[in-house]
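Novice: Take a look at the following structure, please.
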Amino acid sequence: MHHITFLQDLAVVMIVAGLVTILFRRLKQPVVLGYILAGVIIGPHTPPFPFIHDPETIETLSELGVVFLMFSLGLEFSLRKLREVGATAFVAAAFEILLMIFAGYELGRLFGWNKMDSVFLGAILSISSTTIIIKALEELGKTKEKFAELIFGILIVEDILAIVMIALLSGFATTGTLDAVDIGMTVVKLSAFLVVLLVSGLIAVPRLLNYVARFKSNEMLLVTVIALCFGVSLITVRLGYSVALGAFLIGAIIAEARQIAKIELLMQPVRDLFSAVFFVSIGLLINPGLLVKYWLPILIITAVVVAGKVLTCATGAFVAGNDMRSSLRVGMGLAQIGEFSFIIAALGLQKGVTSEFMYPLAVAVSAFTTLFTPYLVRSSDSVVSWFDRAAPGPLIGYLEAYTRWIGQVADERKGSMALKLIRKWSWQIGLNLLLVTAVFIAAVFLKRPAMNWWSTVPGGVKGMHAILWLSAMVLSLPMLIAIVRKWQALCMLLAEISVKRGAAGANTAPLRAVVSTIVFAAGCVGLFLCILLLSSAILPTWNVLLVLAAVLIGATVLLRRSFIQLHAKAQGALQATLSQPPPARHHGDVAALPPLLREATLRTIGLHPDSSAVGKLIVELNLRSKTGASIVGIERSGSNVVNPGPDEELLAGDNVLLLGNERQLAAAEELLTGNEAAASAA
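Residues in the sequence shown are numbered from 707 upward in steps of one, following our numbering.
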């Protein structure tokens, strides 16, 4: 009978969610609030009788909702967009999160709550809602404005910092303390895991999806994507991190694939279904009696969230170098909490370290702030106009002078070739060092399973240490060689910058050589000590260590060129993924309206092997936005593809049927045959 109970509970959830959602759509309110209200209506705390008989099953489905929700947020993640907003997003997000954590903690202590409740309250209030903000900006048609791009960048950084925060809170909930060593180790381990997953994923996943897409099967592509989502989420959980982390990261990796347009379309109904269950399950946990009891803290916290986020986000964006008008719009667009706040509140509840009222309180505050979001975004222009009129003239002048100064400093830094090289090589050294760290962490992690699997290993535990250490060093050699080479180049550049020819005169070259050699030697010693520290848990005896070190030195001398080539291939594959044009999204091509039928004609264009369109997806061409013409058919090897989808790849020898007026068709023909500049000009 369990399956009947499950079906009944799921039917109740979806029927009530559907009815409430229709009502909220009619009222033009966020659908998320409707789902939460549906959960309250059918929840165990709502009289006269419970509608749900097996809440544990609904909770299991809601966990799937978390996975798909975070996976979808990852699909919206863009490494390129993060690189574009750069320091602005990091400064603004860090400024906001730190101040809101402090405000939330002090507010909790002011209410007389215990330390753990106050810490979790600060974390809950610190992260804005990506889904709610994106939906609000899309509905208001403001996604292309400058402040919206800044908001998206800040949200990306917030999502990353939220994942770090969840990992730290998990440890804090267990031990009750956070010391500097714990924080440092948590950040290092998490950073190493992020780097390994992102690097390996960006190399392998887009190529895997390219292979799967050749079969032209939506079912195969969907199953593959969901398999990747669940597989990475499982690995993340096994390593002791949140399931949300794995789902978000694999979504961010898949977002770099060419098939992202089709993947988003395929995942949308799956995400919407389980996300609805997730938000309904949130409502199930809300006790209206607790909301009535804590109505005053809820209202005060809501006011603090709105006012605090407007102030901190606007100030952070301004400090990072944006003008005051854009900064105010950013602040008013980020004044709410959402999905990450639910996850943080649920973490405290699951660990049993927060009070019963914390979760429904977080949901109530999120509901109120979500309700205010569209109105805040819509009124941001009026607030900016009021600020321009009300602010004193000298203050406006000082603010504008600061913005210009920050812009000049940024331009000078961008224009310096030496600084570009220092920044580039430093990032490469840090990335390779994190990969080495991850290798040794994995070796330490495998020590106990390896002993259980091979209990008769020669030498016992010390023998296993020798095997693991040697394996870790061999796997790390390509990265270690790259670190040494980049460090050597960086030392030479630093020596050239620090020793000026005008001051050193004839001694310039010898002094630069001395400085370069000293700094290089110091770096090598530091790298050696770092390797010893990383491998301290699996170091073999000193006699064995000396023998293995001799073997490694010999392998390095003999196979150095092969290791360099291997590293170069991996680096090239990673750069190929990140340097290719941004994957086109479905909405980018369908946004433009088709040409009027009364003016439209048809034209067939053959694609030659040297055409710039060969090998591209239709959505990547962005043909309709650039020219106004549409591809309505393809003749290929005697067969016809009628009304091809945006993910259809154009091949050499295709005859493409275009629909448009004469001007649009001429521009489209030039674009498809290779003269894209002329097409753009047309």
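For every residue, glycine included, the Cβ atom is placed at its ideal position computed from N, Cα and C.
On a predicted model such as this, the values are computed, not experimentally measured, just so you know.
Look up T1307 in the DSSP assignment and give the residues it is bridged to.
Specialist: For the purposes of this step, residue 1307 is taken as the residue at position 601 of the sequence shown. The partner list for T1307 (beta bridge, DSSP) reads G1366.
Novice: Once the 5 residues before and after A1178 are set aside, which same chain residues still bring their CB inside 6 Å of it?
Specialist: If you number the sequence shown from 1, residue 1178 lands on position 472. Only V1145, F1146, A1149 meet the Cβ criterion.
Novice: At 4 residues or longer, what runs of the alpha helix (DSSP H) sit wholly inside the stretch 1196-1264?
Specialist: The qualifying runs are 1207-1210, 1214-1240.
Novice: Name the two residues that bound the continuous alpha helix (DSSP H) containing N1158.
Specialist: Stepping through the sequence shown from its first residue, residue 1158 is reached at position 452. Its alpha helix (DSSP H) spans residues 1153-1159.
Novice: So, helix, strand or coil for I992, using DSSP?
Specialist: As a first step, residue 992 is located in the sequence shown; it is residue number 286 there, counting from the start. In the structure shown, I992 sits in coil (DSSP, three-state: anything other than H, G, I, E or B).
Novice: Could you say if the stretch 950-964 and the stretch 726-740 meet the contact criterion of at least three C-beta pairs nearer than 8 Å?
Specialist: These segments do not touch.
Novice: Assuming Y1000 and F1063 make a contact with CB atoms under 8 Å, what is their CB distance in whole Å?
Specialist: Within the sequence shown, numbered from 1, the residue matching residue 1000 stands at position 294. Within the sequence shown, numbered from 1, the residue matching residue 1063 stands at position 357. That belief holds up - the Cβ atoms of Y1000 and F1063 are roughly 6 Å apart, short of 8 Å.
Novice: Return the residue from the list N1213, L1238, C1197, L1233 that minimises the CA-CA distance to V1225.
Specialist: Residue numbering aside, residue 1225 sits at position 519 when the sequence shown is read from its first letter. Out of N1213, L1238, C1197, L1233, C1197 has the C-alpha closest to the C-alpha of V1225.
Novice: Closest by CA to R964, which one among V911, L896, F985?
Specialist: By 1-based counting over the sequence shown, the position of residue 964 is 258. Comparing Cα-Cα distances from R964 to each of V911, L896, F985, the minimum goes to V911.
Novice: Could you pull the DSSP bridge partners for R1342 from this structure?
Specialist: Position 636 of the sequence shown, counting from 1, holds the residue named residue 1342. The partner list for R1342 (beta bridge, DSSP) reads S1345.
Novice: What does L1323 pair with, by DSSP beta-bridge criteria?
Specialist: For the purposes of this step, residue 1323 is taken as residue 617 along the sequence shown, with counting starting at 1. Looking at the DSSP assignment, L1323 forms a beta bridge with E1355.
Novice: Among the candidates L1245, F774, N1346, whose CA atom is the shortest distance from the CA of L979?
Specialist: Counting from 1 along the sequence shown, the entry for residue 979 is found at position 273. Per the Cα distances, F774.
Novice: Are T942 and L805 touching if we call contact CB-CB under 7 Å?
Specialist: Taking the first residue of the sequence shown as 1, we reach residue 942 at position 236. Taking the first residue of the sequence shown as 1, we reach residue 805 at position 99. Not in contact: T942 and L805 (Cβ atoms no closer than 7 Å).
Novice: Pick from T1109, L1002, P1066: whose alpha carbon is nearest that of R1031?
Specialist: Translated into positions along the sequence shown, residue 1031 becomes position 325. Comparing Cα-Cα distances from R1031 to each of T1109, L1002, P1066, the minimum goes to T1109.
Novice: With DSSP as the reference, please indicate the residues paired to G1312 in a beta bridge.
Specialist: By 1-based counting over the sequence shown, the position of residue 1312 is 606. Answer is N1361, bridged to G1312.
Novice: So with Cβ pairs under 7 Å, would you call K734 a contact of chain D?
Specialist: The structure shown has no chain D; it contains just one protein chain.
Novice: Can you tell me which of the three DSSP states I1337 falls into?
Specialist: Residue numbering aside, residue 1337 sits at position 631 when the sequence shown is read from its first letter. Residue state, collapsed to three classes: strand.
Novice: I1337 and V1362: beta carbons closer than 7 Å?
Specialist: Counting from one through the sequence shown, the residue named residue 1337 turns up at place 631. Counting from one through the sequence shown, the residue named residue 1362 turns up at place 656. Closer than 7 Å, so yes.
Novice: Whose C-alpha, out of P756, E925, V1221, is nearest the C-alpha of S1204?
Specialist: Counted from its first residue, the sequence shown places residue 1204 at position 498. If we check each option's Cα against that of S1204, V1221 comes out closest.
Novice: Can you find at least 3 beta carbon pairs, one from the stretch 824-834 and one from the stretch 862-881, that sit closer than 8 Å?
Specialist: Yes: at least three Cβ pairs fall under 8 Å.
Novice: Select from N1028, L1141, A842 the residue whose C-alpha is nearest the C-alpha of L896.
Specialist: For the purposes of this step, residue 896 is taken as the residue at position 190 of the sequence shown. Measuring from the Cα of L896, the nearest candidate turns out to be L1141.
Novice: Could you give the distance in angstroms between the alpha-carbon of E855 and the alpha-carbon of N1158?
Specialist: Mapped onto the sequence shown, residue 855 falls at position 149. Mapped onto the sequence shown, residue 1158 falls at position 452. Answer to the nearest angstrom: the Cα atoms are 52 Å apart.
Novice: Give me the Cβ distance between V1012 and T1075, rounded to the nearest whole Å; I'm assuming they're in contact under 8 Å.
Specialist: On the sequence shown, position 306 is the one that residue 1012 refers to. On the sequence shown, position 369 is the one that residue 1075 refers to. So it is a contact: roughly 6 Å between Cβ atoms.
Novice: With DSSP run on the structure shown, which of helix, strand or coil describes L1377?
Specialist: By 1-based counting over the sequence shown, the position of residue 1377 is 671. Note: L1377 maps to helix in three-state DSSP.
Novice: Going by other Cβ atoms of all chains shown within 10 Å of its Cβ, with 16 needed for buried, is D1295 buried or exposed?
Specialist: Walking along the sequence shown from the start, residue 1295 turns up at place 589. Note on D1295: pLDDT 40, under 50, position unreliable in the model; the coordinate value appears next. That one is buried.
Novice: Keeping to the same chain, check which residues put their C-beta closer than 6 Å to that of T836; ignore five residues upstream and five downstream.
Specialist: The residue given as residue 836 occupies position 130 in the sequence shown. Around T836: L779, L861.
Novice: Determine the closest residue to T763 out of V719, P754, F712, with distance taken between C-alpha atoms.
Specialist: Sequence index remark: in the sequence shown, residue 763 carries index 57 (1-based). For the residues V719, P754, F712, the minimum Cα distance to T763 belongs to F712.
Novice: Closest by CA to W1111, which one among G995, L1082, A1026?
Specialist: By 1-based counting over the sequence shown, the position of residue 1111 is 405. Of the listed residues, the one whose Cα sits closest to W1111 is A1026.
Novice: V1083 and A1417 - do their beta-carbons sit closer together than 7 Å?
Specialist: The requested residue 1417 does not occur in the structure, where the chain is confined to residues 707 to 1388.
Novice: Would you tell me roughly how many angstroms separate the C-alpha atoms of F985 and G745, rounded to the nearest one?
Specialist: Stepping through the sequence shown from its first residue, residue 985 is reached at position 279. Stepping through the sequence shown from its first residue, residue 745 is reached at position 39. Rounded to the nearest angstrom, the two C-alpha atoms are 8 Å apart.
Novice: Determine the DSSP secondary structure at N1028, reduced to helix, strand or coil.
Specialist: Here the question's residue 1028 lines up with position 322 in the sequence shown. In this structure, N1028 counts as coil in the three-state DSSP scheme.
Novice: Would the stretch 989-1003 and the stretch 749-757 be scored as touching if the rule is three or more Cβ pairs under 8 Å?
Specialist: The stretch 989-1003, when compared against the stretch 749-757, does touch it at the 8 Å Cβ threshold.
Novice: Hey, which unbroken runs of the alpha helix (DSSP H) at 4 residues or more fall wholly within the stretch 867-954?
Specialist: Qualifying alpha helix (DSSP H) stretches, in chain order: 886-919, 924-944.
Novice: CB-CB under 6 Å to F1449, same chain, minus the five flanking residues each way: which ones, in chain order?
Specialist: Missing from the structure shown is residue 1449; the chain here goes from 707 to 1388 and no further.
Novice: Excluding sequence positions up to five away, which residues of its chain have a Cβ less than 7 Å from the Cβ of D715?
Specialist: Counted from its first residue, the sequence shown places residue 715 at position 9. So the qualifying residues of the chain are I758, H759, D760, T763, I764.
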